[in-house]
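J.: Okay, handing you the structure first.
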Amino acid sequence: MTSRDDVRTYYAGYGQNELARLTTPAGRLEMALTTTLLAPHLPSTGTALDIGGGPGRYTQWLVERGLRPTLADLSPELLAIARDHLDAAAVEEIVEADACDLGRWADHSFDVSLSLGPFYHLPRLDDRQQAVRELVRVTRPGGLVAVAMMPTYGYLRRTLTMPDERHRMADTTMVRDVVERGHFVNDTPGRFTEGFGVDPRDPQRLFEDEGIETVLVASTHGFATGLEDQVDTLRESNPDAYAATLDVLVDTATDPALFGTAGHLLLIGRTPR
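Reminder that position 82 of the sequence shown reads as 82 in UniProt numbering, one-by-one numbering, no gaps.
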């Protein structure tokens, strides 16, 4: 089975959970910070690609921002869910596609390109390089790109959250592969099977090597990583404190001291002009 097959199988079983993921306390915080960090850099109109967008939560947000998005994903099951929830008239296209092969689209097709899912599913360097090149190719010169990544330590943190996987912390080969190579492999049935963790000390290197100008890198949970439930309790109990918490999380999200323990890292950049 290829890595792409593994990804399809994983999300085929995940299905509605992926749709609901961004409505959990952790997901709400991730989406709130991601959209708040992105919003100032978006054009008021134009075309957008949401590659790896799954059931289309960010696609819907792009529609609400006045853009006309295309949603693409490797998983037919997630795209079927998206078709049930998105207004077809507001979306240019919903189509199956691989982040490493965007050949169905011509050069400079989009003003904005989001890739908020694929990169941590690409353990091979050549695949990651190809995915960046394709993202640059289909985005207009000077256009906006946004990419989500997992830092290396995120895989070890994730392992510790799984009661039936914690024993793997005694596997020194597994731990070394994650820490030294950013390569995570998991043979637990039905789980995240293989992934790549970026070095949190230099997360933008791959993208800058392909000509992308970094606008910012941020932790999508900020200093509240692991405290999402506590933050979420403020939404209804104390909306003013919740809003103030989001403000300080956004203001400090780009502090590199937060990157190593982030759940996800967000890179926002501009393609070569």
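Backbone N, C-alpha and C fix where the C-beta goes; we use that ideal spot for every residue, glycine too.
Across the stretch 233–244 and the stretch 168–187, are there enough close Cβ pairs to call them in contact, namely three or more that are closer than 8 Å?
T.: No, the stretch 233–244 does not touch the stretch 168–187.
J.: Check glutamate 165 in the structure and name its three-state DSSP category.
T.: The answer is coil: DSSP assigns glutamate 165 none of H, G, I, E or B.
J.: Along the beta strand (DSSP E) that carries leucine 144, what are the first and last residues, could you check?
T.: Start and end: 139–149.
J.: Am I right that leucine 227 and threonine 254 are in contact with their C-beta atoms under 8 Å? What's the rounded C-beta distance?
T.: Wrong, their Cβ atoms sit about 19 Å apart, outside the cutoff.
J.: Report the residue ranges of all alpha helix (DSSP H) runs contained in full by the stretch 44–123; include only those spanning at least 4 residues, in chain order.
T.: Counting only runs of 4 or more, we get 57–64, 76–85.
J.: Under DSSP, the alpha helix (DSSP H) around phenylalanine 207 begins and ends at which residues?
T.: Its alpha helix (DSSP H) spans residues 205–209.
J.: Let me check one thing: in DSSP terms, what residues is residue 313 bridge-paired to?
T.: No answer is possible for residue 313: it lies beyond the span of the chain, which begins at 1 and ends at 273.
J.: Among residues of its own chain, excluding the 5 on either side of threonine 70, which ones have a beta-carbon nearer than 6 Å to its beta-carbon?
T.: Cβ neighbours of threonine 70 beyond the five flanking positions: Leu49, Glu92, Glu93.
J.: Do glycine 117 and leucine 86 have their CB atoms nearer than 7 Å?
T.: Not a contact, by the Cβ cut-off of 7 Å.
J.: Could you check what DSSP says for glycine 260 in three-state terms: helix, strand or coil?
T.: Coil at glycine 260, not helix or strand.
J.: Given a threshold of 16 other Cβ atoms within 10 Å of its Cβ, counted over all protein chains shown, does glutamine 60 qualify as buried or as exposed?
T.: Its Cβ being crowded by 16 or more others within 10 Å, glutamine 60 is buried.
J.: Around the Cβ of arginine 128, are there at least 16 other Cβ atoms within 10 angstroms (buried) or fewer (exposed)?
T.: Answer is buried; the Cβ neighbour count reaches 16.
J.: Assuming threonine 188 contacts aspartate 209 (C-beta within less than 8 Å), just tell me the rounded distance between them.
T.: Not really, about 34 Å apart at Cβ, beyond 8 Å.
J.: Report yes if the C-beta distance between threonine 214 and glutamine 204 is below 7 Å; otherwise report no.
T.: Yes, Cβ-Cβ distance for threonine 214 and glutamine 204 is below 7 Å.
J.: Whose CA, out of Met162, Thr193, Arg273, Arg28, lies closest to the CA of glutamine 230?
T.: Residue Arg28 is the option with its Cα nearest to glutamine 230.
J.: Can you find the residues in the same chain that come closer than 7 Å, C-beta to C-beta, to cysteine 100, ignoring five residues on each side of it along the sequence?
T.: Contacts found: Asp127, Gln130, Ala131, Glu134.
J.: Taking the alpha helix (DSSP H) that proline 185 belongs to, which residues open and close that run?
T.: Note on identity: in this sequence residue 185 is valine, with proline being the wrong assignment. Counting along the chain, valine 185 falls outside any alpha helix (DSSP H), though it belongs to the beta strand (DSSP E) covering 183–185.
J.: Thinking C-beta only, is tyrosine 242 closer than 7 Å to glycine 197?
T.: Cβ distance not < 7 Å, so glycine 197 and tyrosine 242 don't count as in contact.
J.: Using the three-state DSSP reduction, which class does glycine 197 fall into: helix, strand or coil?
T.: The answer is coil: DSSP assigns glycine 197 none of H, G, I, E or B.
J.: Quickly, what does DSSP pair arginine 270 with across the bridge? List them, please.
T.: In the DSSP output, where bridge partners are listed per residue, arginine 270 has Leu144, Glu213.
J.: Of the residues Ala90, Gly54, Ala88, which one's Cα is nearest the Cα of leucine 79?
T.: Closest by alpha carbon: Gly54.
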